[in-house]
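Participant: Mapping of the sequence shown onto the numbering used here: residues 492 to 652, in sequence order. Positions of the beta carbon are idealized from the N, C-alpha and C atoms, including for glycine.
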Amino acid sequence: MKTPAPEAAASSTPARKRTKTRPAARRRTDENTYTDPSLRERLKTEIRAAAKGGEPGTWSARKSQLLTLAYQKAGGGYLQRHPNSKQKSLHQWTAQEWQTADEKPARRPNGTTRYLPAKAWDALTPAEKKATNAKKQAGSKAGEHTVANTAAAKRARKQAE
């Protein structure tokens, strides 16, 4: 049996799929997105270290929301005319009125409870609410920062969007 020539072997491999990436000069960085990147970095460090919006030292969507508010309040602005996908997601998240099932703080002595949009909580039965909260609290006690929703909570959250 003959082995194919190196040229033939190379041509028989499928072509690499091209992905859409921005040229390095056009990628969004802190320097070409924010009017005062050093102010934003300082605020980000302070907010990450604080207990508001999650455990100190961790990052969360809530802390990202707090950073946006603090940055704008301190006089920071944006160089980009249109928000990027992360900024759009944060805006949508803010509009969804996220809360716990009982509208109390999520962090509790027996573990952190689940945060979902108000509409998602309305779509869940009491048993489903209990199940998703139990799963979140168990993961929280085990030291997990992110705990997946139950199937019912996933469906309710998607429907709430």
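To the nearest angstrom, how far is it from the Cα of D593 to the Cα of A622?
Facilitator: As a working mapping, residue 593 is identified with position 102 in the sequence shown. As a working mapping, residue 622 is identified with position 131 in the sequence shown. Rounded to whole angstroms, D593 to A622 spans 14 Å at the Cα level.
Participant: Which same chain residues, not among the five before or five after T526, have their C-beta less than 8 Å away from its C-beta?
Facilitator: In the sequence shown, the residue the question calls residue 526 occupies position 35. The answer, listed in chain order, is G567, G568, Y569, L570.
Participant: Which of the three DSSP states is assigned to L584 in this structure?
Facilitator: Locating residue 584 in the sequence shown gives position 93, counting from the first residue. In the sequence as displayed, the identity of residue 584 is Trp instead of Leu. Three-state result, W584: helix.
Participant: Extract the residue ranges of the alpha helix (DSSP H) inside the stretch 560-604, only unbroken runs of 4 or more that lie entirely within it.
Facilitator: DSSP runs (the alpha helix (DSSP H)) wholly in the stretch 560-604: 576-586.
Participant: Would you call the stretch 580-589 and the stretch 553-560 in contact, with 3 or more CB pairs under 8 Å?
Facilitator: Yes, the stretch 580-589 touches the stretch 553-560.
Participant: For R531 and A618, I'd like the C-alpha separation in whole angstroms.
Facilitator: If you number the sequence shown from 1, residue 531 lands on position 40. If you number the sequence shown from 1, residue 618 lands on position 127. The straight-line gap from Cα to Cα measures roughly 43 Å.
Participant: Counting only the same chain and skipping the five closest in sequence on each side, list residues whose C-beta sits under 6 Å from that of A644.
Facilitator: In the sequence shown, residue 644 corresponds to position 153, counting from 1. For A644, where only same-chain residues beyond five positions count, the Cβ hits under 6 Å are T623.
Participant: Using the C-alpha atoms, what's the distance from S529 back to Y606?
Facilitator: The residue labelled residue 606 in the question sits at position 115 within the sequence shown. The residue labelled residue 529 in the question sits at position 38 within the sequence shown. The straight-line gap from Cα to Cα measures roughly 32 Å.
Participant: Taking the CB atoms as reference points, tell me whether Q628 and P608 lie closer together than 7 Å.
Facilitator: Residue mapping note: residue 628 aligns to position 137 of the sequence shown, counting from 1. Residue mapping note: residue 608 aligns to position 117 of the sequence shown, counting from 1. No, the pair does not count as a contact, with Cβ atoms beyond the cut-off.
Participant: Using only the alpha-carbon positions, how far apart do K632 and E546 sit?
Facilitator: Start at 1 with the first residue of the sequence shown, and residue 632 comes out as number 141. Start at 1 with the first residue of the sequence shown, and residue 546 comes out as number 55. Approximately 13 Å, taken between the alpha carbons.
Participant: In whole angstroms, what is the alpha-carbon distance linking A611 and S551?
Facilitator: Within the sequence shown, numbered from 1, the residue matching residue 611 stands at position 120. Within the sequence shown, numbered from 1, the residue matching residue 551 stands at position 60. Spanning the two alpha carbons is a distance of roughly 20 Å.
Participant: Just confirm the distance between the C-beta atoms of A651 and A614, as a whole number of angstroms; I'd bet it's less than 8 Å.
Facilitator: Translated into positions along the sequence shown, residue 651 becomes position 160. Translated into positions along the sequence shown, residue 614 becomes position 123. At roughly 7 Å, the Cβ-Cβ gap stays under 8 Å, so A651 and A614 are in contact.
Participant: Would DSSP call L615 helix, strand or coil?
Facilitator: Residue numbering aside, residue 615 sits at position 124 when the sequence shown is read from its first letter. In this structure, L615 counts as coil in the three-state DSSP scheme.
Participant: Which value, in whole angstroms, describes the spacing of the CA atoms of G602 and A542?
Facilitator: By one-based count along the sequence shown, residue 602 stands at place 111. By one-based count along the sequence shown, residue 542 stands at place 51. Going from the Cα of G602 to the Cα of A542 covers about 15 Å.
Participant: I'd like the list of long-range same chain contacts for A540, defined as Cβ closer than 8 Å, with 5 residues on each side in sequence excluded.
Facilitator: In the sequence shown, residue 540 corresponds to position 49, counting from 1. If we look at A540 and ignore the five residues flanking it on each side, its Cβ neighbours are P547, G548.
Participant: Sort out for me which residues DSSP pairs L607 with in a bridge.
Facilitator: As a working mapping, residue 607 is identified with position 116 in the sequence shown. Its beta-bridge partners are Q590.
Participant: Determine the burial state of A599: buried for a count of at least 16 other Cβ atoms within 10 Å of its Cβ, exposed for fewer.
Facilitator: Your numbering for residue 599 matches position 108 in the sequence shown. The question names Ala, but residue 599 is Arg in the sequence shown. By the neighbour-count rule (16 or more Cβ atoms within 10 Å), R599 is not buried but exposed.
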